[in-house]
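First comes the structure, then the notes that go with it.
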Amino acid sequence: MLSIQSSRFSLPGLYAKGQTVMPGVIICITIALATTFIADHYGGPTMLYALLFGMTLHFLTEEGRCLAGVEFSSRTILRLGVALLGGANYARPSSRLGHWADHNGYSWGYAHHHHGGCSGPYTWP
Numbered sequence: 085m086l087s088i089q090s091s092r093f094s095l096p097g098l099y100a101k102g103q104t105v106m107p108g109v110i111i112c113i114t115i116a117l118a119t120t121f122i123a124d125h126y127g128g129p130t131m132l133y134a135l136l137f138g139m140t141l142h143f144l145t146e147e148g149r150c151l152a153g154v155e156f157s158s159r160t161i162l163r164l165g166v167a168l169l170g171g172a173n174y175a176r177p178s179s180r181l182g183h184w185a186d187h188n189g190y191s192w193g194y195a196h197h198h199h200g201g202c203s204g205p206y207t208w209p
């Protein structure tokens, strides 16, 4: 039987890992919130602002307390975000088209975008 202390995901181990990565994760969350705020209120692309903020705060990743958290954010959290975004984009067209799209064989790909719409008897609701 495996004890809780020897498990890879033990509570004290997760707590210690959280303390190690938290300063860098907080910095990354702060950059994300700041760039989103600036882009929403003053216009411009959020990614450009994120790159500018990242370049100005790059010195935090060279050494010190924030290094582990920034590396964790750039690997694990970014991968999770990309997976969730891909899942949302995958699920969105299926939920909008509904049941009739599967049975009538209509595709909203190339023909819809380049020829002015659906070629069948139905129009977009």
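Everything in the sequence shown is counted per the numbering used here, starting at 85 for the first residue and increasing by one.
Cβ atoms here follow ideal geometry from the backbone N, Cα and C, with glycine treated the same way.
Label residue i either buried or exposed according to how many other C-beta atoms from any shown protein chain fall within 10 Å of its C-beta, with 16 as the threshold for buried.
i, result
"residue 94", "exposed"
"residue 184", "In this predicted model, residue 184 has a pLDDT of only 49, less than 50, meaning its place in the structure is not dependable enough to derive any value."
"residue 110", "exposed"
"residue 165", "exposed"
"residue 186", "Caution applies to residue 186, whose pLDDT of 48 falls short of 50 and renders its modelled position unreliable; the value that the coordinates give is listed next. Exposed: under 16 other Cβ atoms inside 10 Å."
"residue 114", "exposed"
"residue 153", "buried"
"residue 108", "buried"
"residue 140", "exposed"
"residue 117", "exposed"
Nearest CA to the CA of residue i: which residue from the options?
i, options, result
"residue 135", "120, 167 and 103", "120"
"residue 102", "147, 146, 145 and 156", "156"
"residue 148", "96, 105, 98 and 97", "105"
Task: Contiguous alpha helix (DSSP H) assignments of at least 4 residues, all confined to the segment 100-141 - done: As far as the segment 100-141 is concerned, its whole alpha helix (DSSP H) runs of at least 4 residues are 130-140.
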